[in-house]
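**Student:** Starting off with a structure, shown below.
In mature numbering (1 follows the signal peptide of the UniProt record, and there is no 0), the protein residues as written are -18 to -1, 1 to 452.
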């Protein structure tokens, strides 16, 4: 398994079908977690190192996209994967807020929060992932078996609230099938296990359990969220060094979103700082209401409807009407944006670059190329990152405004730096990737930066507004 293939392990729980009446709309206040971006390696610099990191981000995004796309096949595919895996096994009133940091210093291209899990509570650094259903930590469940122990490892034996899910239960045998639960059940009380393997030989396996999460409230108090579904994961071939696991934020019955939003008013929000920020600059992932109802930020909020239907669930789908460059609407085929025609679009915190189905990409690229061609083009072997150039003398004001137009009238206009990105010192690239059509498009976290994003699960809508995020 290659050094960056661990990202695949973060995605093993994408694809769980969301259930009706998931979230209570009663406002219970707010919970806030610090949000940190993880990208880059400490102690390394220079153009060569930055280019290597850019290549890794692209590679990670492509792997993640393949994983997300595979979930469009639905429940039958999940059952088929489970059967195949088991055959192989036989052969071998408050609100909560936490810091969310753009920490390029850790060496990966995601955003990380610290979550307090267990009793007594212990802090874990988890990827904030809107594409994952399950919250899980790397952990050591069976203390009798030798295993490398590291500071970020969760030890269930030390938590009085860790409760495994029996493999004989309907939850294990039916509900958790979509999260790759195994049917093997040595004894009725044995823990419900999961096992997911990849074609490159990497894998993740572990057991499901319920645990307690401790939340710090914006009001200054504390709250315990009980019965949160977690995974106790063991890894093969590659340890997840920079972080300890994943905070599952997908629109799913099994995600952390389900539990936290029930407690905190049916919504969560985040504001992503610049993707090149270091870990001393952070923002917050908030469950509940962060801003006051009459604040200027909320006055600038624009809302669009979340698409809550297959094949996009449990991802956060949006209904796009079209895209424009410099105020001119592009002639992108309507099928590109229709989820029932092989297209559709999702907003994803775990994908860095924005990916457009090829018919959309070609038209966007064509509309921006004239402005970019004023600068000397460079070839740095960045794979599908098609257009890179020497940024000497670059002026953002000369680049036309890219805009995404939603069907219900909302318009998202990201800053130029979010789609003409820094790839290395002195080198910029068009930060968009083309993906095969038919296939869905992804609004990645770099395009989302410097905006507040509110995922209102209770009302089925997504809000966004420009913000400095500090």
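For each residue, glycine too, the CB sits at the ideal point set by N, CA and C.
Rounding to the nearest angstrom, what Cα-Cα distance links residue 435 and residue 13 in this structure?
**Tutor:** In a straight line, the C-alpha of residue 435 is about 16 Å away from that of residue 13.
**Student:** When burial is assigned at 16 or more other CB atoms within 10 Å of the CB, is residue 406 buried or exposed?
**Tutor:** Looking at its Cβ environment, which holds 16 or more other Cβ atoms inside 10 Å, residue 406 is buried.
**Student:** Whole angstroms is fine: what's the gap from residue 283's alpha carbon to residue 164's?
**Tutor:** Rounded to the nearest whole angstrom, the CA to CA distance from residue 283 to residue 164 is 44 Å.
**Student:** Would you report the Cα separation of residue 383 and residue 402, rounded to the nearest angstrom?
**Tutor:** 11 Å
**Student:** Please determine if the region 223 to 242 and the region 288 to 296 are in contact, where contact requires at least 3 C-beta pairs separated by less than 8 Å.
**Tutor:** yes
**Student:** Taking 6 Å as the limit between beta carbons, can you name the residues of its chain near residue 445, skipping five residues before and five after?
**Tutor:** If you ignore the 5 residues before and after residue 445, its C-beta comes within less than 6 Å of the C-beta of 283, 285, 436, all in its own chain and listed in chain order.
**Student:** Taking 6 Å as the cut-off, is the beta-carbon of residue 313 closer than that to any non-hydrogen atom of the ligand NAD?
**Tutor:** In terms of ligand content, the structure shown is empty, and the ligand NAD therefore cannot be addressed.
**Student:** So residue 144 packs on residue 120, CB below 8 Å; how close in whole Å?
**Tutor:** For residue 144 against residue 120, the beta-carbon gap comes to about 15 Å, at or over 8 Å, which does not count as contact.
**Student:** Counting beta carbon pairs with one atom in the region 320 to 340 and one in the region 414 to 432, are three or more of them shorter than 8 Å?
**Tutor:** yes
**Student:** Could you work out which residue in 389, 433, 450, 413 is closest to residue 40 when comparing CA atoms only?
**Tutor:** 413
**Student:** In this structure, does DSSP put residue 160 in helix, strand or coil?
**Tutor:** helix
**Student:** Please name the residue, chosen from 244, 340, 306, that lies closest to residue 318 on a Cα-to-Cα basis.
**Tutor:** 340
**Student:** Tell me residue 189's beta-bridge partners as DSSP assigns them.
**Tutor:** 175, 214
**Student:** In chain order, what residues of the same chain have a beta carbon less than 6 Å from the beta carbon of residue 450, not counting five sequence neighbours either side?
**Tutor:** none
**Student:** Ordered along the chain, which non-local residues of its own chain (more than five positions away) have a Cβ less than 7 Å from that of residue 442?
**Tutor:** 287, 288, 290
**Student:** Here's the rule: buried if 16 or more other CB atoms are within 10 angstroms of the residue's CB, otherwise exposed. What is residue 335?
**Tutor:** buried
**Student:** In angstroms with no decimal places, state the Cα-to-Cα distance between residue 215 and residue 229.
**Tutor:** 13 Å
**Student:** What are the start and end residues of each continuous beta strand (DSSP E) run of 3 or more residues lying completely inside the region 400 to 427, in chain order?
**Tutor:** Within the region 400 to 427, the complete beta strand (DSSP E) runs of at least 3 residues are 402 to 406, 409 to 412, 414 to 417, 423 to 425.
**Student:** Alpha carbon to alpha carbon, how far is residue 311 from residue 358? Give it in angstroms, no decimals.
**Tutor:** Take the alpha-carbon of residue 358 and the one of residue 311: they are about 28 Å apart.
**Student:** Should the region 298 to 306 be called in touch with the region 389 to 400, which here means at least 3 C-beta pairs below 8 Å?
**Tutor:** yes
**Student:** Start and end of the alpha helix (DSSP H) containing residue 116?
**Tutor:** Premise fails: residue 116 is in no alpha helix (DSSP H) and is neither H nor E.
**Student:** Under DSSP, the alpha helix (DSSP H) around residue 353 begins and ends at which residues?
**Tutor:** 340 to 354
**Student:** Comparing alpha-carbon positions, which option in 367, 252, 241, 212 lies nearest residue 205?
**Tutor:** 241
**Student:** Buried or exposed: which applies to residue 226, given that a residue is buried once 16 or more other Cβ atoms fall within 10 Å of its Cβ?
**Tutor:** With 16 or more other Cβ atoms from the protein chains shown falling within 10 Å of its own Cβ, residue 226 counts as buried.
**Student:** Which value, in whole angstroms, describes the spacing of the CA atoms of residue 110 and residue 158?
**Tutor:** 21 Å
**Student:** Does residue 169 pass the burial test, meaning 16 or more other C-beta atoms within 10 Å, or should it be called exposed?
**Tutor:** exposed
**Student:** Just confirm the distance between the C-beta atoms of residue 256 and residue 432, as a whole number of angstroms; I'd bet it's less than 8 Å.
**Tutor:** 7 Å
**Student:** Alpha carbons only, please: which of 355, 356, 371 is nearest the one belonging to residue 362?
**Tutor:** 371
**Student:** Following the continuous alpha helix (DSSP H) through residue 155, name the residue where it begins and the one where it ends.
**Tutor:** 152 to 155
**Student:** Based on Cα-Cα distance, which residue from 246, 265, 198, 294 lies nearest to residue 271?
**Tutor:** 246
**Student:** For the alpha helix (DSSP H) containing residue 238, list its first residue and its last residue.
**Tutor:** 238 to 245
**Student:** Who does residue 230 pair with in a DSSP beta bridge?
**Tutor:** According to DSSP, residue 230 bridges with 111.
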